[in-house]
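Here is the structure we will look at, set down as structure tokens.
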Amino acid sequence: MSVKILYFASLRETLCCSEETLSDLPPGVETVGALREWLCARGERWSALRTGQSIRAAVNQELAQASQLIADGDEIAFFPPVTGG
Amino acid sequence: MCVSVQELDFDPGAEMAALSAGQEEVGAVASFLGLVRGYEGLDEMELEHYPGMTEKALAAIVAEAEARWTLRRVRVIHRVGKLLPGERIVFVGVASSHRGDAFEACAFIMDYLKTQAPFWKKERTAEGTRWVDARESDAVAAARWGSSVA
Chain A
49 MSVKILYFAS LRETLCCSEE TLSDLPPGVE TVGALREWLC ARGERWSALR
99 TGQSIRAAVN QELAQASQLI ADGDEIAFFP PVTGG
Chain B
-16 MCVSVQELDF DPGAEMAALS AGQEEVGAVA SFLGLVRGYE GLDEMELEHY
34 PGMTEKALAA IVAEAEARWT LRRVRVIHRV GKLLPGERIV FVGVASSHRG
84 DAFEACAFIM DYLKTQAPFW KKERTAEGTR WVDARESDAV AAARWGSSVA
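Top line first, the protein sequences correspond to chains A and B.
If you use this note's numbering, the first sequence closes out at 133, no skipped numbers anywhere.
If you use this note's numbering, the second sequence closes out at 133, no skipped numbers anywhere.
This is the structure in structure tokens:
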């Protein structure tokens, strides 16, 4: 499965990454929450995504819960709580 | 287009006038204008957003408002990029037949925009830059309208 992942605002700065495409996701990574856990395992700075951290997610540009399934070709985004207006 | 995300400034008076232009059944226009709130030491505010999702999220919020109230016309403008204290940042205008719908829909759109639309503010002061934290009071304000549009 291949997905595009975007990171915004403080999370983008912490991770030193604004966008990446993952084409090697293991079969078990089927939800937003599982993807987040898998990314956390990459190393220290990726712990910014660990459960308990206040991070929101979107799938194909719509807000998504951790349980939402992800599919090949999805655009997934992680970001801190929004502060517009 | 009733939703705009732009770096350019806008003219609130012209936007207000456009909400009722040529629409005799409009009896009320309510609006909200948000400014970059200045304080001692704030040099600049930078607004980041998620291009694509931002426009979709704002359109969904407007659609939800149109489903809940009887509205004639809605306009939402949100600026992005670098803004100085005192500059205009957001405009929400709602035209309807009666003031109740206009007032409520305008407040609803702002409350949901604050908690659902992917914008992030970063402040720059003499000490450096700092991302603005989300406020619990904004979540409480959005919650009073009931279920989320997410």
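For glycine and all other residues, C-beta sits at the position ideal for the given N, C-alpha and C.
A quick note: this is a predicted structure, and the numbers were derived from the prediction, not measured.
- Ranked by Cα distance from residue 40 of chain B, the first of B:9, B:-12, B:86 and B:126 is B:-12.
- If you check the CB distance, residue -14 of chain B and residue 48 of chain B do not come in under 8 Å.
- For residue 125 of chain A, the pairing in a beta bridge is given by DSSP as A:54 and A:106.
- Burial check for residue 22 of chain B: the Cβ neighbour count within 10 Å stays below 16, so the residue is exposed.
- Interface criterion not met: the Cβ of residue -1 of chain B is under 8 Å from no Cβ in chain A.
- Per DSSP, reduced to three states, the secondary structure at residue 14 of chain B is strand.
- If you ignore the 5 residues before and after residue 52 of chain A, its C-beta comes within less than 6 Å of the C-beta of 69 and 123, all in its own chain and listed in chain order.
- Taking 8 Å as the cut-off, the Cβ atoms of residue 3 of chain B and residue 89 of chain B do not count as close.
- The stretch -4 to 12 of chain B and the stretch 63 to 71 of chain B do not touch, with fewer than three beta-carbon pairs separated by less than 8 Å.
- Annotated as distal: residue 115 of chain B and residue 97 of chain B, with beta-carbon spacing of 8 Å or more.
- At a cut-off of 8 Å between beta carbons, residue 133 of chain A contacts chain B.
- Sequence-distant partners of residue 45 of chain B (beyond 5 residues in either direction) whose C-beta falls short of 8 Å from its own C-beta, in its chain, are -15, -14, 57, 59 and 92.
- If you check the CB distance, residue 27 of chain B and residue 74 of chain B do not come in under 8 Å.
- Going by C-alpha positions, residue 64 of chain B is about 33 Å away from residue 82 of chain A.
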